[in-house]
Amino acid sequence: CGYVALNPLLADASAFDPAELAVHNRLYVLDLSAAPELLWARLSQNRRRQLRNREAAALEHDRRRLARFLADNYADFFASRGAGPATDFRPETVDAIAELDDVLLVGAGDGELESVAAFGYTAHAGDYLLAVSRPGGERHSARLVWWGVERLRELGVPYLNLGGGIREGDDVAEFK
């Protein structure tokens with residue numbers, strides 16, 4: 002038995018038998034080569050408002066602290082969202098992801114860390130791998146993703162795959 006996931010930005014689905022392909026969900030991809038003003042203009046009014054919030058908590062970049070937060074909160078966060086077995090990573094797997102050189106981590110919180118996001122990348126594309134938050138920490142999500150957009154642009158990464166929702170049209174998809 003095998004499962005192969007192809008990055009939709011890099012795969013040519015025409016090379017496969019259509020009967021053997023399965024599309025799980027709609028994905029949202031940002032063209033990071035676009036001018037920053039254009040990326041900003043394409044944001045929803047709600048996202049722009051969230052990002053303008055000057056009273057937001059400072060961003061955290063201490064990789065060790067961020068990795069520990071992910072490992073400590075990952076399982077409970079995804080279980081509380083009913084995300085399903087595809088997200089059932091062991092703590093060792095979460096640790097391994099957080100330690101990769103081509104994974105960016107960023108977090109936020111008011112005094113205490115409340116939310117962390119992880120972005121994997123190559124020279125060809127980036128992926129919003131995951132975000133984990135404690136109750137109430139979701140309010141930092143837009144800032145964390147926007148930091149990822151800005152950082153990946155600085156690194157010359159041309160696209161960011163934000164992924165999709167857990168289910169078609171859910172709140173996660175709406176956020177993206």
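Residue numbers for the sequence shown follow our numbering, beginning at 2 and rising by one. We put the CB at the ideal spot given by N, CA and C, even for glycine. Everything numeric in this text was worked out from a predicted model, so none of it was measured.
Asked                                                                                                                  : Found
Opposing strand residues paired with Tyr122 [DSSP bridges]                                                             : Gly127
Contact set for Gly85: own chain, Cβ-Cβ below 7 Å, skip 5 residues either direction                                    : none
Three-state secondary structure (DSSP) of Gly164                                                                       : strand
Residues of its chain near Arg64, where Cβ-Cβ distance is below 7 Å and the 5 sequence neighbours each way are ignored : Leu106
C-beta contact flag for Tyr129 and Leu156 at 8 Å                                                                       : no
7 Å Cβ shell around Arg66 - same chain, five flanking residues per side excluded                                       : Leu114
Whole-angstrom distance between Leu60 and Phe78, CA atom to CA atom                                                    : 20 Å
Spatial distance of Glu151 from Gly138 (CA atoms)                                                                      : 21 Å
Residues bridged to Val133 (per DSSP)                                                                                  : Val117
C-alpha distance - Phe70 paired with Ala14, whole-angstrom precision                                                   : 37 Å
Residue closest to Gln51, alpha-carbon to alpha-carbon, out of Arg140, Asp111, Pro159, Trp148                          : Arg140
Where Gly157 falls: helix, strand or coil (DSSP)                                                                       : coil
Per DSSP, the bridge partner or partners of Leu44                                                                      : DSSP, once it has assigned bridges, lists no residue as partnering Leu44.
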